[in-house]
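See below for the structure under consideration.
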Amino acid sequence: MSPSLDLSTPSGIALALLPELVLSACALVVLLVVAWRHQTAEDSRLAGWLSLASLVLSGAALAGLWARGVHAAGLPFMIALDDFRYAGAALVLLLAAGTVLLSLAYLPREQMLAPEYYPLTLLATAGMLFFLGAEDLIVVFLGLEVMSVAVYVLAGYDRRSAFSAEAALKYFLIGAFASGFLLYGIALVYGATGTTNLGAIGGQLVAGRMPLLGSLGLGLLLIGFGFKIAAVPFHMWAPDVYDGSPTPVTGFMATGVKTAAFLSLVRVLYEAFPGAIGVWQPIVGWLAVITMVVGNLIALSQKTLKRMLAYSSVAHAGYLLAAVWPGTRLSAGAVLLYLFAYGLTTLAAFGILAAMGREGERDVTYDSIAGMGQSHPWLAFGMSVCMLSLLGFPGTVGFIGKWYILSSIVSLGQGPLAVILVLASVLSAGYYLPVIMSMYMRPAPAGEPVRATFLARAAGVAVAVSVVAILVFGVWPTGAVNAAGASAGTLAQTVTPVAGR
Amino acid sequence: MTDFLTSIGYGQWILHALLVLPLVGVLPILFAPEAAAKKIALAVTTLVFVLSAGLWWAYDPAVPGMQLTSLAPWLPQWGINYSVGIDGISLVMVLLTTLLMPLSVLGSFRYITRRERGFYALLLALETGMLGVFVALDLFVFYVFFEVMLIPMYFIIGIWGGTNRLYAAIKFFVYTFAGSILMLVALLVMVFRIADATGTLSFAYDHLLSHANLVGPVAPWLFLAFAVAFAIKVPVFPFHTWLPDAHVEAPTAGSVLLAGVMLKIGTYGFLRFAVPFFPDVAMGPAMSKVIVALAVIGIIYGALVAMVQPDFKKLVAYSSVSHLGFVMLGLWAGTVQGVQGALVVMISHGFSTGALFLIIGMMYERRHSRLIEAYGGIARVVPVLSLLLTFTALASIGLPGLSGFVGEFLSLLGAFEAHPVATIIATTGVIFAAAYMLWALQRIIFNRLDNPENEGLPDLSARELTVLLPLVAGMLWLGLYPAPVLRRMEPAAKAYVDLLQPRAASPAATTAGTVPVTPAAWETRR
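As they're listed, the protein sequences go chains X and H. Sequential numbering from 1 applies to the first sequence in this note's numbering. Sequential numbering from 1001 applies to the second sequence in this note's numbering.
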């Protein structure tokens, strides 16, 4: 039997928040350690390993909750206790661990020695965990802010780079704007329903009785989320920010932040607003279409890989929105699985990109990677697998994710959205394939010395594990598919399904 | 022979072995010294061919339907299983593939001089993909093989191709990918609609085939999506523009396999999936007129364009468009004769065009030119090569007694009843074929030996003869005594034709969507 927790008691809520609490406490400990040890590359590395240990500890606490199948007694209050949260949190911890591994050698190499980088990463991760597990709009906001503030700082971590400073400032201003929308939306929803608890809102807003105030609030919430997930037309910040930030941070933003935001979006829409599906479904559908098309079209015209990946991550936000669209448990599973596939692939791609760019990844262009297939066969192979996975090619986990999304859309009889999604994928072949083409089919630029590329051992392990996982889950997807489906199955059990869906 | 095969349990493992062996062969190639790669590849592909030859006897033409079937769960909650089996059509396509593989490898021995390990590893991966397409009995598995096949060919064209290889490679990839991914959506729509109607979520071929009439009013769209995916692959005019680029730029082995096998995957798709799933749409008056018209345009257009090509390889590439038009015509004939004719053209084209590309590769290795005008009068210098080139060209244009004749004759004969006008126009394609091929032969082999560079050319080596002779034998055998092949394909061809007979509109189609559905994954819909 699975134990239940009473979330209204202090001990109950503390147990329910164990992964978050462990992680926050560890972050403070690491912060304390770096207060004394913040001079050398050695210190930075020490902080990195401590952070990795913190993530593992938090993961152990999470595993404890997940394995016992702990659930809430009665209506979940403040924080969710279901497999959807556990699976999402596990994914975020995994992505954070990957980011730390990528950073270990990257920071000393780029002379970013201030080790506060790692506590900030941990705090951002803790914020993500709150964000994606929140059962209350206030907690959603708190989690979002904890996450965002830490990531603002991380974006500007390369103090000597004007681009990094620009990225941080831009991200901060736009982020503050987005938070404003979100907060205003929360206020309006509270005004309409008298509660901020997701389940309670869902109970109030049954189908057919959606007050105007609530619709307005929902719209503002969607805009707030739209900024965070970089959906077109709220994406303007993303390319500059992704481009200017240190590469591991970019990877973290493109994967971790997006994962947390999408899982929270799913929870908010599916638990609080199933009755308003008529309001949000068309908005999400159109956002998905515009985001897929625009993201892919602009990505086509990029010269540097980092900017290309930035725009491609916009395009992937579009695919994920399409996965949110159906509003069914199947589609919640699709979001989860796609985030897993996308996160794994993107992190590996940014890791390899960081290795390629000895003199700054901003310079890695399609031309400069020519001939890498022969000079660096393993890196080129890994990058090719990542590109094919992002393209959604069979044999990689990216295909399984896309297939799951298509299934969840098509099972509701929505053909056109599925067709647009696959046509957008065809467009994306136009910028993913040239990467492979350049590495394998063009000769190395004559006259120039071969670009020094190097992947430190820890980062190499992280990338190699990801690449292998991309292929393994592409060929034997059963476990991942079932886990995603089962986790999504625990979502929204307190809400009465909308009739007819 | 059959007893021997039974005694070693041949039927239980052969199809899996055919899919796994080439992939296993990739490993030693990657870790062997560069010089050994081609030998390993030759050994593996020859082994696969020898093993697959047993299928000829293991397959029993008297039993209709799929044989040697086996199934293993892959994503069982979604009704997806690794499920393989063959019928007479798959049988000959599998054998064609396994035969062409070692010949392509052997034909590349001197042509490929750099990054050999990668080349032969990709060829082997390609073999798995192609064989998988022909034996898959689960549409999801079919789709995966259909797509995965693209990657090795993309690299083969892009790395070892001619001067314009990057353009050709990406064009090839994007065309095929665009078509097939639309097919994926159509497949999912079909599967979910059938699941709604029957309560069973399954990607199994049999299940989809027997319930395909339940998809309802979207059937024309679904057929179109399948048809476009396969039409790009065939290629049917006007989807053919990737073909000349890809064929010309690809290295010899790539061209041989593209023309010999991969084009047939398109027609195989029509024969196995697109038409049997939606016979009412496919054979409806409007659709069949369009497709027959496109087939005839392809025949004539391909032949006319081939005629004016200065590049011999491009000429052969365009001749493929023309030949595949006969296949499409035969498939839409709606008679057993027509279908058998289409199938024989498929095999014969594999032999003759494969051989032509191999010979062009040999000529290129000698002269480093594929332009027709660079040659002339070489019959005096390289008599054996010229003889085999003439023989193959004659087989290709359908000289009676050689393989091309049987197929084209049967498909025209079969199509005449249903589409008399189109058939008459198509028949002129045979004349054009003779024109472009004989004219090219005249300029290459005969005329005056006026280019001094051609004077010292060496004739075929023993290796090159080994490459060509099996194909020559195949062309002769299929031309003189096609009965064993026809007998093996007959049940499948009959089954295909039976499906085309007009059926009464099924009442179930109108009630689709009202029956509750059961499987676990399916219930997670809210």
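Even for Gly, the Cβ is constructed at its ideal location relative to N, Cα and C. Quantities reported herein were computed from a predicted structural model and do not represent experimental measurements.
Against chain X, which members of the segment 1293–1321 of chain H pass a CB distance test of less than 9 Å? For the segment 1293–1321 of chain H, which is checked against every Cβ of chain X, not one residue is closer than 9 Å.
Give the C-beta separation of residue 1172 of chain H and residue 1154 of chain H to the nearest angstrom, bearing in mind that I take them to be a contact with Cβ-Cβ under 8 Å. Indeed they touch by this definition, with Cβ atoms about 7 Å apart.
Got a sec: is the Cβ-Cβ distance from residue 441 of chain X to anything in chain H below 8 Å? For residue 441 of chain X, the closest Cβ of chain H is nearer than 8 Å.
With respect to the alpha helix (DSSP H) encompassing residue 1074 of chain H, which residues constitute its N-terminal and C-terminal limits? Boundaries around residue 1074 of chain H are those of the beta strand (DSSP E), 1067–1075, since no alpha helix (DSSP H) includes it.
DSSP three-state assignment for residue 197 of chain X, whether helix, strand or coil: Reduced to three states, the DSSP call for residue 197 of chain X is strand.
Under three-state DSSP, which class holds residue 1164 of chain H? Three-state result, residue 1164 of chain H: coil.
Helix or strand or just coil, what does DSSP make of residue 1002 of chain H? Three-state DSSP puts residue 1002 of chain H in a helix.
Could you tell me the alpha carbon to alpha carbon distance between residue 1097 of chain H and residue 299 of chain X, rounded to whole angstroms? Rounded to whole angstroms, residue 1097 of chain H and residue 299 of chain X show a C-alpha spacing of 39 Å.
Counting pairs of beta carbons, one from the segment 328–338 of chain X and one from the segment 262–274 of chain X, are three or more of them closer than 8 Å? Segment contact: the segment 328–338 of chain X against the segment 262–274 of chain X, three or more CB-CB distances shorter than 8 Å; contact assigned.
Short of 8 Å Cβ to Cβ, which residues in the segment 1161–1175 of chain H face chain X? Within the segment 1161–1175 of chain H, the qualifying residues are 1165, 1166, 1169, 1170, 1173, 1174.
Flag this pair as yes or no: are the beta carbons of residue 1460 of chain H and residue 1384 of chain H separated by less than 8 Å? Contact flag set, yes.
For residue 1018 of chain H, three-class secondary structure by DSSP: Helix at residue 1018 of chain H.
Counting contacts by CB-CB distance shorter than 8 Å, is residue 419 of chain X in contact with chain H? The beta-carbon of residue 419 of chain X is placed less than 8 Å from the nearest beta-carbon of chain H.
Do you know offhand how far residue 205 of chain X's Cα is from residue 281 of chain X's? Looking at the two C-alpha atoms, the distance is approximately 15 Å.
Please list the partners that residue 1147 of chain H has in chain X, where partner means a Cβ-to-Cβ separation under 7 Å. Among the residues of chain X, those whose CB is under 7 Å from the CB of residue 1147 of chain H are 393, 394, following chain order.
My assumption, with CB atoms under 8 Å, is that residue 1094 of chain H sits in contact with residue 1048 of chain H. Please give the rounded CB distance. The C-beta distance from residue 1094 of chain H to residue 1048 of chain H rounds to 10 Å, too long to meet the 8 Å contact threshold.
According to DSSP, residue 304 of chain X sits in a beta bridge with which residue or residues? BP columns for residue 304 of chain X point to X:365.
Residues of its chain near residue 45 of chain X, where Cβ-Cβ distance is below 8 Å and the 5 sequence neighbours each way are ignored: Cβ within range, chain order: 104, 108.
Flag residue 437 of chain X as yes if its beta-carbon sits less than 8 Å from any beta-carbon of chain H, otherwise no. Residue contact with chain H for residue 437 of chain X: present (Cβ-Cβ distance below 8 Å to some residue of chain H).
Just checking, does the segment 431–443 of chain X make contact with the segment 380–399 of chain X on the three C-beta pairs under 8 Å criterion? The answer is yes - the segment 380–399 of chain X touches the segment 431–443 of chain X, with three or more Cβ pairs under 8 Å.
With DSSP run on the structure shown, which of helix, strand or coil describes residue 74 of chain X? DSSP places residue 74 of chain X in coil when its eight states are reduced to three.
Here's the rule I'm using: 16 or more other beta-carbon atoms within 10 Å means buried, otherwise exposed. How should residue 1031 of chain H be labelled? Within a 10 Å sphere around the beta-carbon of residue 1031 of chain H sit fewer than 16 other beta-carbons, which makes this residue exposed.
Residue 1084 of chain H lies in the beta strand (DSSP E); which residues open and close that run? 1080–1086 is the span of the beta strand (DSSP E), which, as asked, contains residue 1084 of chain H.
Which of helix, strand or coil does DSSP assign to residue 79 of chain X? Note: residue 79 of chain X maps to strand in three-state DSSP.
Nearest to residue 1042 of chain H by alpha carbon, out of H:1474, H:1495, H:1482, H:1463? Of the candidates H:1474, H:1495, H:1482, H:1463, H:1463 places its Cα closest to the Cα of residue 1042 of chain H.
Between the beta-carbon of residue 101 of chain X and the beta-carbon of residue 462 of chain X, is there less than 8 Å? Contact annotation: residue 101 of chain X and residue 462 of chain X have beta-carbon atoms nearer than 8 Å.
Buried/exposed call for residue 1420 of chain H, threshold 16 Cβ in 10 Å: By the 10 Å Cβ count, residue 1420 of chain H comes out exposed.
Evaluate residue 1165 of chain H with the Cβ neighbour count: other Cβ atoms within 10 Å of its Cβ, from every protein chain shown; 16 or more gives buried, anything less gives exposed. By the 16-neighbour rule on beta-carbons within 10 angstroms, residue 1165 of chain H is buried.
Chain X partners of residue 1178 of chain H, CB-CB under 7 Å? Under the 7 Å cutoff, chain X gives 426.
Counting only beta-carbon separations shorter than 8 Å, does residue 312 of chain X have a partner in chain H? Residue 312 of chain X does not count as touching chain H.
Residue 1264 of chain H versus H:1354, H:1301, H:1337, H:1297, residue with shortest Cα-Cα distance: Selected option, being the one with the closest Cα: H:1354.
What ranges does the alpha helix (DSSP H) occupy inside the segment 1132–1192 of chain H, keeping only unbroken runs of at least 4 residues that lie completely in it? Segments of the alpha helix (DSSP H) lying fully in the segment 1132–1192 of chain H: 1139–1148, 1150–1160.
C-alpha gap between residue 235 of chain X and residue 254 of chain X, whole angstroms: Roughly 12 Å between the two C-alpha positions.
Just mark residue 1417 of chain H as buried or exposed, buried being the case when its beta carbon has 16 or more other beta carbons within 10 Å. Result: exposed.
Burial state of residue 1240 of chain H (16 or more Cβ within 10 Å): Residue 1240 of chain H comes out buried.
Contact set between residue 215 of chain X and chain H, taken where Cβ atoms lie within less than 8 Å: Ordered by position in chain H, no residue passes the 8 Å Cβ test against residue 215 of chain X, which lies about 22 Å from the chain.
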